[in-house]
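Step one of this worksheet: look at the structure below.
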Amino acid sequence: MISYEMGREYSMNTEFHSLKRFNHLIGELDAVYHEASLKLGMSDSASKILYTICNFGDSCLLTDVCHLTGLTKQTVHSAVHKLEQEGIVSLEAAGNKAKRLRLTEEGKRYASQTALRILEAENEALLSWSREDVERYLELTEQFLVSLREKVKEF
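For any residue, its number in the numbering used here is found by taking its place in the sequence shown, counting from 1, and adding 26.
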């Protein structure tokens, strides 16, 4: 456990330095995705929404977008509204209260020039690794996610 007393930090061990490095890398990854979004002419929220839809094919549930992007409902709804006005997505009923977000024909063309390019870049990066390294990376990331999720439940 890290504790603070009069501004001094204690327990500065290897794990703490590893956590700092990990957080730095996450920040750098976020910066790369932000740069990609800017270069492709999209806001970060639009990029994340289109990326999520493309991961599912050409449509997905609105709840999936909120859950998988980490964006707030309000941010998703605002960005979706803008994407609807631009003719890139349509929103349709998908059950009782559920809504499905679907790429329009124009949206499919737009996604192929934007979100799908990000997915392609990720795939190319992973293809430069061995299959074993990719699997190990995914396993470790999933272990960290599960462990962190459990710790957060204790809050």
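Backbone N, C-alpha and C fix where the C-beta goes; we use that ideal spot for every residue, glycine too.
Closest by CA to S71, which one among L55, F48, S85 and G96? Counted from its first residue, the sequence shown places residue 71 at position 45. Residue G96 holds the alpha-carbon nearest to the alpha-carbon of S71 among L55, F48, S85 and G96.
Going by CA-CA distance only, name the one from L109, A141 and T98 that's closest to K65. To locate residue 65, count along the sequence shown from 1; it is residue 39. Selection L109, A141 and T98 evaluated against K65 yields A141 as nearest (Cα-Cα).
DSSP has S154 in a bridge; who is on the other side? In the sequence shown, counting from the first residue as 1, residue 154 sits at position 128. Bridge partners of S154: none, in fact.
Any chance the stretch 114-128 sits against the stretch 141-155, with 3 or more Cβ pairs inside 8 angstroms? No, because fewer than three Cβ pairs between the stretch 114-128 and the stretch 141-155 fall closer than 8 angstroms, the two stretches do not touch.
Hey, how far is the Cα of L164 from the Cα of L45? For the purposes of this step, residue 164 is identified with residue 138 of the sequence shown, where counting begins at 1. For the purposes of this step, residue 45 is identified with residue 19 of the sequence shown, where counting begins at 1. Near 18 angstroms, if we compare the C-alpha coordinates of L45 and L164.
What would DSSP say about A57, mapped onto helix, strand or coil? Residue 57 sits at position 31 when you count from the first residue of the sequence shown. Helix at A57.
In terms of residues, what are the limits of the beta strand (DSSP E) holding K125? Reading the sequence shown from its first residue, position 99 is the one you call residue 125. Bounds of the beta strand (DSSP E) holding K125 are K125 to L129.
Output the distance between the C-alpha atoms of E132 and E110, rounded to the nearest integer angstrom. For this step, residue 132 is matched to residue 106 along the sequence shown. For this step, residue 110 is matched to residue 84 along the sequence shown. Taking the straight line joining both Cα atoms gives about 11 angstroms.
On the DSSP bridge assignment, give the partners of V115 in chain order. Numbered from 1 along the sequence shown, position 89 holds the residue referred to as residue 115. L129.
Just to confirm, is the Cβ distance from V106 to L117 under 8 angstroms? Along the sequence shown, one-based indexing puts residue 106 at 80. Along the sequence shown, one-based indexing puts residue 117 at 91. Yes, the Cβ-Cβ distance between V106 and L117 is below 8 angstroms.
A124 to R47 span [Cα, whole Å]: Here the question's residue 124 lines up with position 98 in the sequence shown. Here the question's residue 47 lines up with position 21 in the sequence shown. In a straight line, the C-alpha of A124 is about 39 angstroms away from that of R47.
Start-to-end residues for the beta strand (DSSP E) that takes in L87: Counting from one through the sequence shown, the residue named residue 87 turns up at place 61. L87 -> beta strand (DSSP E) spans S85 to L87.
In terms of alpha-carbon separation, which member of S138, C86, T98 and R157 lies closest to A120? Counting from one through the sequence shown, the residue named residue 120 turns up at place 94. Of the candidates S138, C86, T98 and R157, the one whose C-alpha sits nearest the C-alpha of A120 is C86.
Residue interval of the alpha helix (DSSP H) (run including L76): As a first step, residue 76 must be located in the sequence shown, where it is residue number 50. From DSSP, the alpha helix (DSSP H) with L76 extends over D70 to F82.
Would L145 pass as a contact of C80 if the rule is Cβ separation under 8 angstroms? Residue numbering aside, residue 145 sits at position 119 when the sequence shown is read from its first letter. Residue numbering aside, residue 80 sits at position 54 when the sequence shown is read from its first letter. Between L145 and C80, the C-beta spacing is below 8 angstroms.
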